[in-house]
Amino acid sequence: MASELGKRKDNSRKHPYVRDQWIKAKREARLNPVAIAAQRDYRIAALKQRDAEGRKKPGKPAAAPSDEPDPKVQRNFTDPESRIMKSKDGFVQAYNAQAAVDAHAQIIVAHELTQCGSDQGQLVPLVEAIENNLGRKPAQASADSGYCSEANLEALVARGIDGYVAPARAKHPTAANGKVGGPLTQLMRKKIDDGGFATPYRLRKQVVEPVFGQIKQARGFRQFLLRGVKKVRAEWAMICTAHNLLKLFTLAKAA
192 MASELGKRKD NSRKHPYVRD QWIKAKREAR LNPVAIAAQR DYRIAALKQR
242 DAEGRKKPGK PAAAPSDEPD PKVQRNFTDP ESRIMKSKDG FVQAYNAQAA
292 VDAHAQIIVA HELTQCGSDQ GQLVPLVEAI ENNLGRKPAQ ASADSGYCSE
342 ANLEALVARG IDGYVAPARA KHPTAANGKV GGPLTQLMRK KIDDGGFATP
392 YRLRKQVVEP VFGQIKQARG FRQFLLRGVK KVRAEWAMIC TAHNLLKLFT
442 LAKAA
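Residue numbers (the numbering used here): 192 to 446.
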């Protein structure tokens, strides 16, 4: 009888409502500020103790750099300033084009183009570009998981911007799989989850994604025609300007 009751208790978690409440309770326990501070202090104390005892960091020492190039190394002779980046079609030789879009009229209010495939270092420069172009900071900003980092979230808080930046796409983030993130990342995950369908992050799909879709599909822009980061950056600026002119023309015609 005790065994049967135990089985029924475990099976109760399969009910959607009970499972959601159980997951929410575990998430809130992880977000306890006291527990987070205690864990951070423990890690700092452990690092200080290791340094005081003169113990080395575990793991194999880094190998000395070789003077000979890797036989598998690649070089692009068409545009040496471009970089290999991952896309939905695989790895391509590309640049990373960025755009910040107004939520009401889909006007590009800031743009940038870099040689770095990661988006994490582009959030703060875009926010600063918005302030330089418009003379004020955005009241609210949303971005996908590629922009999420503790430094970026801290920068949004320091600037007084209501940020909605998606954390890493882990279905069940835990400390074991390394997907929990720092305190600000955990608070951001809770902020977006608690917002449900009403969270402003959901508007990102109908604000910035259509702009890239219009540039690629409606205007047929699929690749840069110039070479060199300086020229390609100017070409991207022209593409964004053309998009804004068409949007302004449409708005003026509708008025």
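The beta carbon of each residue, even a glycine, is placed where N, CA and C say it ideally should be.
For Q397 and T441, what's the separation of their Cα atoms in angstroms? 18 Å
Hey, is the stretch 320-337 in contact with the stretch 410-427, meaning 3+ C-beta pairs nearer than 8 Å? no
Within a Cβ cutoff of 7 Å, which residues of the same chain sit near T390, ignoring the five residues on either side of it in sequence? Y355 and I383
On the three-state DSSP scale, how would you describe V292? strand
Is there at least one Cβ from chain D nearer than 8 Å to C307's Cβ? The structure shown contains no chain D, having only a single protein chain.
Range covered by the alpha helix (DSSP H) that runs through F403: E400 to G404
Okay, do the stretch 269-284 and the stretch 241-257 touch, 3+ Cβ pairs below 8 Å being the bar? no
Note down the Cα distance separating Y394 from N267, rounded to an integer number of angstroms. The residue you asked about is not Tyr; residue 394 is Leu in the sequence shown. Going from the Cα of L394 to the Cα of N267 covers about 38 Å.
In chain order, what residues of the same chain have a beta carbon less than 7 Å from the beta carbon of S340, not counting five sequence neighbours either side? Q311
From E272 to A445, what does the alpha carbon distance come to, in whole angstroms? 43 Å
Per the DSSP calculation, H302 is bridged to which residue(s)? A290
Proximity of A332 and K438 at Cβ, strictly below 8 Å: no
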